[in-house]
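Count along the sequence shown from 1, add 782, and you get the number used in our numbering.
All residues carry an ideal CB built from backbone N, CA and C; glycine is no exception.
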Amino acid sequence: MLRPVSSDALRAVDVRKVYHGRGSPDVEALRGVSLALRRGERIALLGRNGAGKTTFLRIASTLLIPTSGQIEVFGH
783 MLRPVSSDAL RAVDVRKVYH GRGSPDVEAL RGVSLALRRG ERIALLGRNG AGKTTFLRIA
843 STLLIPTSGQ IEVFGH
C-alpha cells in the first residue's frame, strides 16, 4: 500500500496545457495553474465555457498529460 508522502491530497504546480491543431493555431487551455488541496477539502472550479475547468480535472485525474508543470496525488 502506498503511503502519502505529503499532506496534500492533490498538488498542482504551474500546470500548462496546449492543444496543438493541425493547420490551425495552437490553443492554450491552461497557463500557470497551481493548487494545493488537502484530504477532505472540497473546492469548486468556476469559469466561462472554454476556461479550462474540464482540462484541469482531466489532468488532475491523470487522463491527460500536461504540456508542462507537475501534478502530485498524495505525493506521487
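Here L839 carries a helix assignment [DSSP, helix/strand/coil].
DSSP places E854 in the strand class (E or B) of the three-state scheme.
Setting aside the 5 residues that flank it on each side, V815 is surrounded in the same chain by A794, V797 and F838, each with a C-beta closer than 7 Å to its C-beta; the list follows chain order. If you look at D790, you'll find it in the beta strand (DSSP E) that goes D790 to Y801. Listed in chain order, the non-local C-beta contacts of Q852 below 6 Å within the same chain comprise V795, local neighbours out to five positions each way being set aside.
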